[in-house]
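J.: Going by full-length UniProt numbering, the sequence shown opens with residue 1, and the numbers climb by one from there. There's a structure below that I have some questions on.
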Amino acid sequence: MQVHWIRRIVHGFWLLVLAAGLAACQSVPEPVLRAGLTPEQVQALEHEGFAFTEDESAMTLDLSGRMMFELDSFAIPPDTQAVIDRITDALLAIGITAVRLDGHTDNLGDPAYNLRLSELRAQAVARAMAARGFDSARIEIRALGDTRPIASNATEEGRAANRRVSLVVSGAL
């Protein structure tokens, strides 16, 4: 009778060891990532005004209305500098270490000139972000000229809205 109880205790012990081993092998499921970003990053980016692109491969912040440039200029106005500083700080705080800056222009002037001007605008924002602590080697610049307007170029208001830089983040950058 005593041998029977010892066997049951040993058997129970091994079952507990096996169960503990299986429990230790289970991994915590990874959070579902959208655009390669964690849910916490997505929430913080949405708070800053970022939105998913149509195909949800990235999040973008179109800085029109918050970060526009004067006609034929790539100088950053003082109020725009404050926006860049705030957004750069927010990106760094949530672990976003790579971005793409898309420079844009209105449709006035030569397309080749506008392409170069859009590049200079994106570079100006990149320099401002780097001055705030963002690694300049992790900033991709894309010059789009007047190819992606967000407003009609038929009015001054529309042209002003099109003189902008868009900031794009994705886990793939």
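Just so you know, even glycine gets a beta-carbon here, dropped at the ideal spot from N, CA and C.
For L71, tell me which candidate among S118, I150, A172 and V125 has the shortest Cα-Cα distance.
T.: Reading the sequence shown from its first residue, position 71 is the one you call residue 71. The candidate whose alpha carbon is nearest that of L71 is S118.
J.: Starting from the C-beta of A128, find all residues in its chain whose C-beta is less than 8 angstroms away, skip the five residues before and the five after it, and write them out in chain order.
T.: Taking the sequence shown and counting its residues from 1, one reaches residue 128 at position 128. For A128, where only same-chain residues beyond five positions count, the Cβ hits under 8 angstroms are I76, Q81, I84, D85 and T88.
J.: Taking only the alpha-carbon atoms, compute the straight-line gap between V165 and R159 and give it to the nearest angstrom.
T.: Here residue 165 refers to the residue found at position 165 when the sequence shown is read from its first residue. Here residue 159 refers to the residue found at position 159 when the sequence shown is read from its first residue. Spanning the two alpha carbons is a distance of roughly 13 angstroms.
J.: So, at 8 angstroms on beta carbons, what are the nonlocal neighbours of P111 in its own chain, with the 5 sequence-adjacent residues on each side left out?
T.: Indexing the sequence shown from 1 puts residue 111 at position 111. The residues are G145 and D146.
J.: Hey, quick one: how far does the beta strand (DSSP E) through G103 stretch, first residue to last?
T.: Locating residue 103 in the sequence shown gives position 103, counting from the first residue. In this chain, the beta strand (DSSP E) harbouring G103 covers V99 to G103.
J.: Roughly how many angstroms separate the alpha carbons of F52 and R148, rounded to a whole number?
T.: Against the sequence shown, residue 52 aligns to sequence position 52. Against the sequence shown, residue 148 aligns to sequence position 148. Straight-line Cα distance between these residues: approximately 17 angstroms.
J.: What does the alpha-carbon distance come out to for the pair residue 174 and R121?
T.: In the structure as shown, the chain starts at 1 and stops at 173, and residue 174 therefore has no counterpart that could be examined.
J.: Excluding five sequence neighbours on each side, which residues of the same chain lie with their C-beta closer than 6 angstroms to the C-beta of residue 175?
T.: Residue 175 falls outside the range modelled here, since the chain spans only 1 to 173, and no answer is possible.
J.: Which first and last residues belong to the beta strand (DSSP E) in which I141 is found?
T.: What you label residue 141 is simply residue 141 of the sequence shown in a count that begins at 1. Note, I141: beta strand (DSSP E), I139 to A143.
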